[in-house]
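Numbering (this note's numbering), first residue to last: 55 to 401. Idealized CB from N, CA, C, for every residue including glycine. Computed from a prediction, not measured in an experiment: that's the story for all the values here.
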Ligand SMILES: NC(=O)c1ccc[n+]([C@@H]2O[C@H](COP(=O)([O-])OP(=O)(O)OC[C@H]3O[C@@H](n4cnc5c(N)ncnc54)[C@H](OP(=O)(O)O)[C@@H]3O)[C@@H](O)[C@H]2O)c1
């Protein structure tokens with residue numbers, strides 16, 4: 055029997071709006087092809103305000119308000135001023151889309167949001183890395199205990215499917231390790247350096263294009279990639295590691311001379327996040343700049359594109375290449391989760 059999900063957005067920035075566009079444009083296709091039916095009952099954003107209508111909101115109108123920089127209070131009906139926790143607990147939503155900003159040190163406020171939702175017996179889909187880095191196994195257990203779904207495909211490589219690929223499509227393989235280009239900003243910088251640009255100019259260009267933050271430390275020092283190595287190690291390789299278990303070096307020390315020399319050797323520098331299960335069962339995990347031969351599939355991945363190679367026992371290396379960020383690209387990762395949820399809960 056098909057169900058109609060009642061969705062609530064917690065946070066309504068770039069990614070929340072990206073998913074909304076996809077849901078609106080593909081509504082008929084999602085119903086016909088995947089038997090996925092939904093209504094959005096609430097949106098709660100700390101800056102944009104909040105609105106709740108148990109019968110469903112007109113999301114086209116919500117998008118227009120937000121795009122015109124107006125507050126959700128101007129929506130003509132519904133209840134206003136419900137904060138994130140009230141929206142999670144006190145509405146008729148059955149599925150919470152958690153897309154607030156990421157804090158990988160504490161996981162907050164997303165961790166509190168996700169726990170509250172799972173404890174209230176509500177499904178969660180989220181692109182937020184923080185809670186996954188901090189407590190993924192606890193959250194998955196909590197979801198299981200409450201008989202609900204927790205999906206987070208977008209926390210690594212956005213909508214380019216890697217977590218689902220490992221769990222479902224590659225099921226039956228032993229995955230013994232991975233290596234990947236897990237950060238688009240640093241790959242963009244290295245690509246420009248390959249064309250002769252200095253590190254400083256390439257970083258400036260990445261900032262102008264909105265890839266790098268004003269404070270680029272998280273990207274160039276490899277912290278963002280490190281979070282993803284922790285997630286992949288725990289979720290795909292079944293380990294239980296934290297920040298301190300990953301060796302790390304960023305790309306700030308790479309000079310144009312290093313890049314030229316690699317070129318002369320038929321090699322290319324990439325910032326690689328990797329982990330490998332050792333013979334004794336321990337894990338060797340790191341984020342480190344590496345010179346790859348041009349024959350390596352990762353060496354051919356340029357610009358802000360990401361890629362990940364899984365080492366499998368049946369197929370050897372399997373590589374997936376695609377976007378690792380972006381409005382619709384990350385919004386789409388939530389659609390992957392929603393469709394999976396629909397499949398699981400309709401069984
Ligand atoms: N953009 C990407 O390409 C991408 C890729 C992969 C993963 N992600 C992850 O996806 C999530 C969403 O990203 P985004 O690009 O959409 O970020 P964003 O544009 O900054 O949107 C986040 C929104 O959530 C709001 N918010 C923060 N705390 C809140 C709270 N306690 N209650 C309600 N609303 C709250 C923010 O308000 P303020 O404006 O006040 O902060 C903002 O409007 C992040 O965790 C990000 O790391 C993004």
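Return helix, strand or coil for residue i, following the three-state DSSP convention.
| i | result |
| --- | --- |
| residue 214 | coil |
| residue 177 | strand |
| residue 307 | coil |
| residue 138 | helix |
| residue 98 | strand |
| residue 372 | strand |
| residue 324 | strand |
| residue 227 | coil |
| residue 63 | strand |
| residue 159 | coil |
| residue 81 | helix |
| residue 340 | strand |
| residue 154 | coil |
| residue 401 | coil |
| residue 192 | helix |
| residue 122 | coil |
| residue 129 | coil |
| residue 313 | helix |
| residue 202 | coil |
| residue 232 | strand |
| residue 348 | coil |
| residue 386 | helix |
| residue 253 | helix |
| residue 359 | coil |
| residue 301 | strand |
| residue 148 | coil |
| residue 265 | coil |
| residue 56 | coil |
| residue 186 | helix |
| residue 103 | strand |
| residue 367 | coil |
| residue 331 | strand |
Assuming residue i and residue j form a contact by the criterion Cβ under 8 Å, report the distance between their Cβ atoms to the nearest whole angstrom.
| i | j | result |
| --- | --- | --- |
| residue 353 | residue 324 | 7 Å |
| residue 243 | residue 256 | 4 Å |
| residue 319 | residue 212 | Actually they are not in contact, since the Cβ atoms of residue 319 and residue 212 sit about 33 Å apart, beyond 8 Å. |
| residue 187 | residue 64 | No, residue 187 and residue 64 are not in contact; Cβ-Cβ is about 19 Å, not under 8 Å. |
| residue 210 | residue 202 | Not confirmed; about 22 Å, so no contact. |
| residue 133 | residue 92 | Residue 133 to residue 92, Cβ: 20 Å. No contact. |
| residue 366 | residue 194 | Not really, about 23 Å apart at Cβ, beyond 8 Å. |
| residue 339 | residue 283 | 5 Å |
| residue 100 | residue 385 | Incorrect: roughly 19 Å between the Cβ atoms, too far for contact. |
| residue 36 | residue 112 | It is not possible to answer for residue 36, since the shown part of the chain is limited to 55 through 401. |
| residue 214 | residue 376 | 3 Å |
| residue 381 | residue 68 | 5 Å |
| residue 60 | residue 149 | 7 Å |
Can the beta-carbon of residue i be found less than 8 Å from the beta-carbon of residue j?
| i | j | result |
| --- | --- | --- |
| residue 400 | residue 180 | no |
| residue 232 | residue 329 | yes |
| residue 161 | residue 200 | no |
| residue 147 | residue 95 | yes |
| residue 62 | residue 151 | yes |
| residue 139 | residue 129 | no |
| residue 110 | residue 126 | no |
| residue 295 | residue 337 | yes |
| residue 265 | residue 358 | yes |
| residue 208 | residue 369 | no |
| residue 73 | residue 114 | no |
| residue 393 | residue 88 | yes |
| residue 300 | residue 220 | no |
| residue 158 | residue 70 | no |
Going along the chain, which residues of its own chain have a beta-carbon closer than 7 Å to the beta-carbon of residue i, five neighbours each way excluded?
| i | result |
| --- | --- |
| residue 347 | 320, 321 and 353 |
| residue 246 | 256 and 259 |
| residue 84 | 90 |
| residue 240 | 273, 274, 305 and 325 |
| residue 178 | 150, 152, 168, 171, 172 and 204 |
| residue 312 | 323 |
For residue i, which residues in the same chain have their Cβ closer than 6 Å to its Cβ, ignoring the five residues on either side in sequence?
| i | result |
| --- | --- |
| residue 276 | 302, 304 and 341 |
| residue 379 | 212 and 238 |
| residue 165 | 185 |
| residue 182 | 152, 156 and 164 |
| residue 279 | 236, 237, 327 and 341 |
| residue 230 | 331 and 365 |
| residue 356 | 245 |
| residue 197 | 172 and 204 |
| residue 351 | 373 |
| residue 228 | 367 |
Is residue i near ligand 3 - that is, is its Cβ less than 7 Å away from at least one heavy atom of it?
| i | result |
| --- | --- |
| residue 120 | The ligand content of the structure shown is limited to ligand 1, which means ligand 3 is not among them. |
Looking only at its chain, what residues have a beta carbon closer than 8 Å to the beta carbon of residue i, apart from the 5 residues adjacent to it on each side?
| i | result |
| --- | --- |
| residue 308 | 244, 247, 253, 323 and 343 |
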